[in-house]
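What follows is a short report on a single structure.
Protein chains: 2
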Amino acid sequence: MYRTNTCGELRLADAGKEVTLAGWVQRSRKMGGMTFIDLRDRYGLTQIVFNNADNAELCEQANHLGREYVVQVTGTVAERSAKNPALPTGDIEIIAGALKVLNPSEVPPFTIEDETDGGDDLRMKFRYLDLRRPCVRKNLELRHKMTMEVRRYLDSKGFLEIETPMLVGSTPEGARDFVVPSRMNPGQFYALPQSPQTLKQLLMVSGMDRYFQIVKCFRDEDLRADRQPEFTQIDCEMSYVSQEDVISLFEGMAKHLFKELRGVEITEPFIRMPWADAMRLYGSDKPDLRFGMEFVELMDIMKGHGFGVFDSAEYIGGICAKGAASYTRKQLDQLTDFVKRPQIGAKGMVYARVEDDGSVKSSVDKFYTQEVLQQMKQAFQAEPGDLILILSGDDAMKTRKQLCELRLEMGNRLGLRDKNKFACLWVVDFPMFEWSEEEQRLMAMHHPFTHPKDEDIPLLDTKPEEVRADAYDMVVNGVEVGGGSIRIHDSALQAKMFEILGFTPEKAQEQFGFLMNAFKYGAPPHGGLAYGLDRWVSLFAGLDSIRDCMAFPKNNSGRDVMLEAPSALDQKQLDELQLALDPKEK
Amino acid sequence: MYRTNTCGELRLADAGKEVTLAGWVQRSRKMGGMTFIDLRDRYGLTQIVFNNADNAELCEQANHLGREYVVQVTGTVAERSAKNPALPTGDIEIIAGALKVLNPSEVPPFTIEDETDGGDDLRMKFRYLDLRRPCVRKNLELRHKMTMEVRRYLDSKGFLEIETPMLVGSTPEGARDFVVPSRMNPGQFYALPQSPQTLKQLLMVSGMDRYFQIVKCFRDEDLRADRQPEFTQIDCEMSYVSQEDVISLFEGMAKHLFKELRGVEITEPFIRMPWADAMRLYGSDKPDLRFGMEFVELMDIMKGHGFGVFDSAEYIGGICAKGAASYTRKQLDQLTDFVKRPQIGAKGMVYARVEDDGSVKSSVDKFYTQEVLQQMKQAFQAEPGDLILILSGDDAMKTRKQLCELRLEMGNRLGLRDKNKFACLWVVDFPMFEWSEEEQRLMAMHHPFTHPKDEDIPLLDTKPEEVRADAYDMVVNGVEVGGGSIRIHDSALQAKMFEILGFTPEKAQEQFGFLMNAFKYGAPPHGGLAYGLDRWVSLFAGLDSIRDCMAFPKNNSGRDVMLEAPSALDQKQLDELQLALDPKEK
Numbered sequence: 007m008y009r010t011n012t013c014g015e016l017r018l019a020d021a022g023k024e025v026t027l028a029g030w031v032q033r034s035r036k037m038g039g040m041t042f043i044d045l046r047d048r049y050g051l052t053q054i055v056f057n058n059a060d061n062a063e064l065c066e067q068a069n070h071l072g073r074e075y076v077v078q079v080t081g082t083v084a085e086r087s088a089k090n091p092a093l094p095t096g097d098i099e100i101i102a103g104a105l106k107v108l109n110p111s112e113v114p115p116f117t118i119e120d121e122t123d124g125g126d127d128l129r130m131k132f133r134y135l136d137l138r139r140p141c142v143r144k145n146l147e148l149r150h151k152m153t154m155e156v157r158r159y160l161d162s163k164g165f166l167e168i169e170t171p172m173l174v175g176s177t178p179e180g181a182r183d184f185v186v187p188s189r190m191n192p193g194q195f196y197a198l199p200q201s202p203q204t205l206k207q208l209l210m211v212s213g214m215d216r217y218f219q220i221v222k223c224f225r226d227e228d229l230r231a232d233r234q235p236e237f238t239q240i241d242c243e244m245s246y247v248s249q250e251d252v253i254s255l256f257e258g259m260a261k262h263l264f265k266e267l268r269g270v271e272i273t274e275p276f277i278r279m280p281w282a283d284a285m286r287l288y289g290s291d292k293p294d295l296r297f298g299m300e301f302v303e304l305m306d307i308m309k310g311h312g313f314g315v316f317d318s319a320e321y322i323g324g325i326c327a328k329g330a331a332s333y334t335r336k337q338l339d340q341l342t343d344f345v346k347r348p349q350i351g352a353k354g355m356v357y358a359r360v361e362d363d364g365s366v367k368s369s370v371d372k373f374y375t376q377e378v379l380q381q382m383k384q385a386f387q388a389e390p391g392d393l394i395l396i397l398s399g400d401d402a403m404k405t406r407k408q409l410c411e412l413r414l415e416m417g418n419r420l421g422l423r424d425k426n427k428f429a430c431l432w433v434v435d436f437p438m439f440e441w442s443e444e445e446q447r448l449m450a451m452h453h454p455f456t457h458p459k460d461e462d463i464p465l466l467d468t469k470p471e472e473v474r475a476d477a478y479d480m481v482v483n484g485v486e487v488g489g490g491s492i493r494i495h496d497s498a499l500q501a502k503m504f505e506i507l508g509f510t511p512e513k514a515q516e517q518f519g520f521l522m523n524a525f526k527y528g529a530p531p532h533g534g535l536a537y538g539l540d541r542w543v544s545l546f547a548g549l550d551s552i553r554d555c556m557a558f559p560k561n562n563s564g565r566d567v568m569l570e571a572p573s574a575l576d577q578k579q580l581d582e583l584q585l586a587l588d589p590k591e592k
Numbered sequence: 007m008y009r010t011n012t013c014g015e016l017r018l019a020d021a022g023k024e025v026t027l028a029g030w031v032q033r034s035r036k037m038g039g040m041t042f043i044d045l046r047d048r049y050g051l052t053q054i055v056f057n058n059a060d061n062a063e064l065c066e067q068a069n070h071l072g073r074e075y076v077v078q079v080t081g082t083v084a085e086r087s088a089k090n091p092a093l094p095t096g097d098i099e100i101i102a103g104a105l106k107v108l109n110p111s112e113v114p115p116f117t118i119e120d121e122t123d124g125g126d127d128l129r130m131k132f133r134y135l136d137l138r139r140p141c142v143r144k145n146l147e148l149r150h151k152m153t154m155e156v157r158r159y160l161d162s163k164g165f166l167e168i169e170t171p172m173l174v175g176s177t178p179e180g181a182r183d184f185v186v187p188s189r190m191n192p193g194q195f196y197a198l199p200q201s202p203q204t205l206k207q208l209l210m211v212s213g214m215d216r217y218f219q220i221v222k223c224f225r226d227e228d229l230r231a232d233r234q235p236e237f238t239q240i241d242c243e244m245s246y247v248s249q250e251d252v253i254s255l256f257e258g259m260a261k262h263l264f265k266e267l268r269g270v271e272i273t274e275p276f277i278r279m280p281w282a283d284a285m286r287l288y289g290s291d292k293p294d295l296r297f298g299m300e301f302v303e304l305m306d307i308m309k310g311h312g313f314g315v316f317d318s319a320e321y322i323g324g325i326c327a328k329g330a331a332s333y334t335r336k337q338l339d340q341l342t343d344f345v346k347r348p349q350i351g352a353k354g355m356v357y358a359r360v361e362d363d364g365s366v367k368s369s370v371d372k373f374y375t376q377e378v379l380q381q382m383k384q385a386f387q388a389e390p391g392d393l394i395l396i397l398s399g400d401d402a403m404k405t406r407k408q409l410c411e412l413r414l415e416m417g418n419r420l421g422l423r424d425k426n427k428f429a430c431l432w433v434v435d436f437p438m439f440e441w442s443e444e445e446q447r448l449m450a451m452h453h454p455f456t457h458p459k460d461e462d463i464p465l466l467d468t469k470p471e472e473v474r475a476d477a478y479d480m481v482v483n484g485v486e487v488g489g490g491s492i493r494i495h496d497s498a499l500q501a502k503m504f505e506i507l508g509f510t511p512e513k514a515q516e517q518f519g520f521l522m523n524a525f526k527y528g529a530p531p532h533g534g535l536a537y538g539l540d541r542w543v544s545l546f547a548g549l550d551s552i553r554d555c556m557a558f559p560k561n562n563s564g565r566d567v568m569l570e571a572p573s574a575l576d577q578k579q580l581d582e583l584q585l586a587l588d589p590k591e592k
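Have a look at this one:
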């Protein structure tokens, strides 16, 4: 037993007690004949006092402690004369009677404080020191609390957590798999699962009724800020359910989590927004509803007045930024530059201010009469002081996506995206398919196991691109935190789906035969959903990236710079796997 | 909503209610003008009645239902005239008013009953049907309950569940790694973790204080009945603890699990048995203490009497099987054959019966006087009716292991290994190292991070083979369910350990530099333990293999015969990974 108490628990009521603490030296300072040490552990900070007058030798020892030394201190709890109300233990200090250095420390490469001087790369290389910073540690504590709450909730609803295998078969449909060569089956490979999708469907066929799993998934994709090669899903599936049943249960879970983890009570049902409306009004299938600024389409009003850009456009639409009419020319130029960045790709931006007298001044005044501009103002229900921003283009969907970026940027600039405010909705009625220019075929928008809406099934043969799916995404603050669908449980319908997706019957059998066969033996109707745990936690933690809610994340090249993984293999290992490196010309 | 109730919940109090159930047709039978269907789901069985007199058309539909059809039935709950007390729903039946086939089923390839006609291979290929059998489903339900209880317990003790990465670096020390080629870092590989050992130690360096994780681990070993390429650990680590602290906390958890999952209250502390005693008395570091039958060493008594086999032996020892003197010659020959099997490898077996009059009759009577045999009897404290079985050999450890197998076999034959009885102990004081004939060097018996006993540290330089470790295994019924150790937290001691294990400083730095570097920045004393979840669950479920407590296990060739994984990759995938197959001559 190295300690009687943690560094976070002693209070004034403990005064007089003899205690032993162990922890890290956060900082030390000498004042007169006294040396003060702040001792830190996961639970808090406690002040230790060494008095030179009482014990000069001990005080001298304390004077030699460096930052991050691991020490054990025995002493007496005493009331502080100068209390620190910012610290839970701030009413007391420990008058040290004994000190033992359990482990010294070299000077850490950056300060172990919330505000640190360590850059990203350095912090990742010494992640074990970075994790000592309370602001990082808190994210992992939140993550633990979240998974505990999820499990308690789902257990109370009769869900069984069932582990599915990590070494599965490779399925070229979808993203790229990570693969694992099999030594016992030379020349063959396992794949790491992109999700347990087919396995959880098999668990429904097996009658497990309600399944969940908090599970690692893997995608070998090029990385972005919110992507990691391995990530964690809260994966769920239920039998004998309709879309309404799934949405209702998981909306309940989301509300439970908001309450338990953030103290936010959400009493209203989440908005249900058809995908088509989300695209039309926000240019996104994951709209941020913390603020309005819906798109207004202006084709009727603005087209055909001699402004060539608009006259040739297939889409003209804009947003109204309340109270932003005072934006300077420079700010407007910045916005124009913003939408013209290659990642967004707009050709330009038109703006219009509503003046105090109600008149509209626009950047295209020479093409439009005040009457037309007033009609436009009406369409936005704009008021004096508002700023209208308009984009146009020859592809409606692309232009909407550009306008979406502009809307989010304006939301940021106007402070409308408060991290402590949460706007939740379900996006529903997704299209079943989307056209892939690259593959020149229809692709499943969710995945090939998604059930089409019953009323749209007749369209599968005639207008598959109009078929909507029993699919739903939960969106919070513009982040897709989860999504799912009702699945096909009929092997004939599943076969038809593969046919529309361009699979030959042989190819479908080869890749998904195990599932289609299973459907022949009494598959129940079923559906489910998967939440992205990392995204949920970052959302609750107010983080911009999922990286900081993972203990040991990888960098943008997929490397763990602390472990120096991946790395080269011994030749012996390659030989055992009957593999050879085959470097390609750059 | 496909149902108002499950097939397991209706009782007599529900009589008169209109309900809708959905599930699988377990069986159907016609009796007179009635058709009875047993409808099954995860929650139970409910009897449905179709009355030809009431609704001939509906009854006719019911007559066409096959086994495992998925149906939805609406009807009225009614009291049964012939109740079935074996069934929780046995007091009621549903008088059907409507029937809908949700999905038909082909005839399943084996019967969906606890006692099935399906062989292992067939059941694995159709595992989704095998899982419908209540006896298999119950194992997964138990597994779920166990992980919930483990998490509740550890959470209540301040442990944080922290996910460590699955894509880590390869460490040739230990078993063989599964590796994952990195597309973004061509020619380099990740490894799948054999355990999160080093990562959890880094979490202690990072001040997480108490960590756990229920986590998949991977070992590419040739498989046996109780091995799988992927398995699940309950992995735990604590800071500022001694061996006593770890043992005490996890003994508490074990007792909690016994109580919650099996209703077994264990009030006594678990036995602590030094490794040397376990080997001496049971020939095993995981003795089955459900029965005694300790080894008795007979070198002093039996050597030097002219029986060449014993006279040249380095070890002579035996066990006393109470009441087995009546074993026939045939049974004794079977036992001799048993110990002579190549897997065990004994050269022969000596036996001796204690007769009703107290005299001893042995298979080596011609070499021993009754006086010597009586001394032997005394050594065993044998009584009339007992059977003494003796092995000898020129390697004490090997012979003890053979005698261990014989002891377990006798335990089985005498019915002493009751699956509903649990004998728990801690094996402690393990040797730090063991000599590897294959590698011709000392190997770490646990792993290279294990802390030697403080009092044995001086022996590291002089007699490393005598150094004992702060290591401990928890053993239940002859199964090692978990094990752990106090870890080295001092980088100098860790470096010395690698030196004794034959690592050059460069090799140690290359493989474990990240850990030794971390120890320079204030590593706290720490230790932990990992339980094998699969083994725990099989033990509680009374299973002989870990396979049946996994949803989708692999066979002895590491194959998932349902998914047909592993399999060949597309050439495109190999090209992207810059790898080539390199088949070796057989």
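If you're matching them up, the sequences are chains A and B in order. Last residue of the first sequence: 592 (this note's numbering), numbering continuous. Last residue of the second sequence: 592 (this note's numbering), numbering continuous. Note that the Cβ used here is the ideal one computed from N, Cα and C, for glycine as well.
Residues of the region 518-544 of chain B with Cβ closer than 7 angstroms to any Cβ of chain A, in chain order: Answer in chain order: PHE520, ALA524, LYS526, TYR527, GLY528, ALA529, PRO530 and PRO531.
Simplified DSSP assignment, three categories, for A/ASP294: Numbered from its first residue, the first sequence carries residue 294 of chain A at position 288. If DSSP states are grouped into helix, strand and coil, A/ASP294 belongs with coil.
Length of the line joining the Cα atoms of B/SER368 and B/ARG278: On the second sequence, position 362 is the one that residue 368 of chain B refers to. On the second sequence, position 272 is the one that residue 278 of chain B refers to. Taking the straight line joining both Cα atoms gives about 36 angstroms.
Cβ-based neighbour list, A/ASP97, same chain, cut-off 7 angstroms, excluding 5 preceding and 5 following: Along the first sequence, one-based indexing puts residue 97 of chain A at 91. Within the same chain, A/ASP97 has close Cβ partners ARG17, LEU18, GLU85, ARG86 and LYS89.
Candidates B/ALA571, B/PRO559 and B/LEU569: closest to B/VAL142 by CA position: The count along the second sequence starts at 1 and reaches residue 142 of chain B at position 136. A check of alpha carbon separations from B/VAL142 across B/ALA571, B/PRO559 and B/LEU569 identifies B/PRO559 as the nearest.
From B/GLY538, B/HIS495 and B/PHE546, residue whose alpha carbon lies closest to that of A/VAL76: Here residue 76 of chain A corresponds to residue number 70 of the first sequence, with the count starting at 1. It is B/HIS495 whose Cα lies nearest to the Cα of A/VAL76.
Cβ neighbour criterion (16 or more within 10 Å) applied to A/HIS457: Here residue 457 of chain A refers to the residue found at position 451 when the first sequence is read from its first residue. By the neighbour-count rule (16 or more Cβ atoms within 10 Å), A/HIS457 is buried.
Simplified DSSP assignment, three categories, for B/HIS532: Within the second sequence, the letter at position 526 stands for residue 532 of chain B. B/HIS532: strand per DSSP, three-state reduction.
Chain-ordered chain A contacts of B/THR238 [CB-CB under 8 angstroms]: One-based indexing of the second sequence puts residue 238 of chain B at position 232. Those within 8 angstroms of B/THR238 in chain A are GLU169.
Cβ pair A/THR26, A/ALA68 closer than 9 angstroms: Residue numbering aside, residue 26 of chain A sits at position 20 when the first sequence is read from its first letter. Residue numbering aside, residue 68 of chain A sits at position 62 when the first sequence is read from its first letter. It is not a contact, given that the beta carbons lie outside the stated cut-off.
Touch test, the region 508-522 of chain A against the region 109-120 of chain A, Cβ-Cβ under 8 angstroms, three pairs minimum: no
B/GLY323 to A/GLU147 span [Cα, whole Å]: Translated into positions along the second sequence, residue 323 of chain B becomes position 317. Translated into positions along the first sequence, residue 147 of chain A becomes position 141. Computed Cα separation, rounded: 55 angstroms.
B/LEU393 in three-state terms, based on DSSP: To locate residue 393 of chain B, count along the second sequence from 1; it is residue 387. In this structure, B/LEU393 counts as strand in the three-state DSSP scheme.
Residues from the region 304-324 of chain A in contact with chain B, defined by Cβ distance under 7 angstroms: Taking a C-beta cut-off of 7 angstroms against chain B, none of the residues of the region 304-324 of chain A qualify.
Span separating the alpha-carbon of A/PHE264 from that of B/GLN249: Counting from 1 along the first sequence, the entry for residue 264 of chain A is found at position 258. Counting from 1 along the second sequence, the entry for residue 249 of chain B is found at position 243. So the two alpha carbons sit approximately 40 angstroms from each other.
Residue(s) in a DSSP beta bridge with B/ILE3: This structure gives no information on residue 3 of chain B, because the portion of chain B shown stretches from 7 to 592.
Unbroken stretches of the beta strand (DSSP E), 3 residues or longer, contained in the region 204-230 of chain A: 216-224
Below-9 angstroms beta-carbon distance, A/ALA119 vs any chain B residue: Taking the first sequence and counting its residues from 1, one reaches residue 119 of chain A at position 113. Per the sequence shown, the amino acid found at residue 119 of chain A is Glu instead of Ala. Look at A/GLU119: its C-beta is not under 9 angstroms from any C-beta on chain B.
Anticipated Cβ contact below 8 angstroms, A/LEU397 with A/VAL345, distance rounded: Locating residue 397 of chain A in the first sequence gives position 391, where the first residue counts as 1. Locating residue 345 of chain A in the first sequence gives position 339, where the first residue counts as 1. About 7 angstroms; that satisfies the 8 angstroms criterion.
Residue of B/PHE301, B/MET190, B/LYS372 and B/VAL378 minimising C-alpha distance to B/LEU414: Position 408 of the second sequence, counting from 1, holds the residue named residue 414 of chain B. Of the listed residues, the one whose Cα sits closest to B/LEU414 is B/PHE301.
Chain-order list of residues whose beta-carbon lies under 8 angstroms from that of A/PRO235 (same chain, five-residue window excluded): Residue mapping note: residue 235 of chain A aligns to position 229 of the first sequence, counting from 1. These residues qualify, in order along the chain: PHE184, PHE224, ARG225, ASP226, GLU227, LEU229, LYS560 and GLY564.
Residues that A/GLY29 bridges to, as DSSP identifies them: As a first step, residue 29 of chain A is located in the first sequence; it is residue number 23 there, counting from the start. In the DSSP output, where bridge partners are listed per residue, A/GLY29 has A/VAL77.
Test: B/GLY213 CB closer than 9 angstroms to a CB of chain A: Along the second sequence, read from residue 1 onward, the residue named residue 213 of chain B stands at position 207. Cβ-Cβ to chain A under 9 angstroms: yes for B/GLY213.
Local conformation of B/ARG182 per DSSP, three classes: In the second sequence, residue 182 of chain B corresponds to position 176, counting from 1. Coil, per DSSP.
C-beta neighbour in chain B for A/ARG1, strict 9 angstroms: Residue 1 of chain A is absent from the structure shown; chain A starts at 7 and stops at 592.
Closer than 7 angstroms at the beta carbon, the chain B residues around A/THR153: Along the first sequence, read from residue 1 onward, the residue named residue 153 of chain A stands at position 147. Within 7 angstroms Cβ-Cβ: GLU167.
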